[in-house]
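Numbering (the UniProt record's numbering), first residue to last: 1 to 132.
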């Protein structure tokens with residue numbers, strides 16, 4: 001639809017529209033870039049505030065550059081991920097032990113007397129007095 005409108009305009013009108021679009025894009029590009037940089041800086045400041053104690057451990061009394069903040073954040077997240085993996089491994093081990101314990105309890109419920117006890121009861125049953 002727009003192409004049809006441009007085709008109906010004279011070439012000087014088309015040139016004027018293209019120039020306006022070009023200048024508009026030239027004006028908005030720096031604004032878009034500025035907004036993008038502001039978002040990045042805001043997020044980096046948020047990381048810095050969230051990981052404040054970690055920064056003091058890594059580099060006390062030093063001015064942190066953006067790259068430093070990102071590096072410390074990556075180190076912290078990597079350590080956190082490793083700790084979570086260790087906890088998962090520990091929970092899996094506990095879960096396996098619990099399952100084995102539950103199975104053992106079920107076996108004991110099904111067979112409350114061991115075979116040696118059952119055998120001795122059978123032998124004793126023959127010696128019991130029966131009135132019939």
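Just so it is clear, CB atoms sit at the ideal spot from N, CA and C, and this is done for glycine as well.
Asked: Alpha-carbon to alpha-carbon, residue 52 and residue 80; Found: 15 Å
Asked: Residue of 98, 104 and 66 minimising C-alpha distance to residue 44; Found: 66
Asked: Buried versus exposed, by CB contacts within 10 Å (16 or more), residue 135; Found: The structure shown does not extend to residue 135, since the chain is modelled only from 1 to 132, so the question has no answer here.
Asked: Where the alpha helix (DSSP H) containing residue 13 begins and where it ends; Found: 11 to 50
Asked: Three-way DSSP call (helix, strand, coil) for residue 67 in this model; Found: helix
Asked: Pair within 8 Å by beta-carbon distance, residue 48 and residue 69; Found: yes
Asked: Residue 100 - DSSP class collapsed to helix/strand/coil; Found: helix
Asked: Best match in 87, 57 and 90 for proximity to residue 75 [C-alpha to C-alpha]; Found: 57
Asked: 7 Å CB neighbourhood of residue 20 in its chain, flanking five on each side removed; Found: none
Asked: Rounded straight-line distance, which links the Cα of residue 31 to that of residue 1; Found: Legend: pLDDT at residue 1 = 48, less than 50; position of this residue unreliable, value from coordinates given subsequently. Going from the Cα of residue 1 to the Cα of residue 31 covers about 29 Å.
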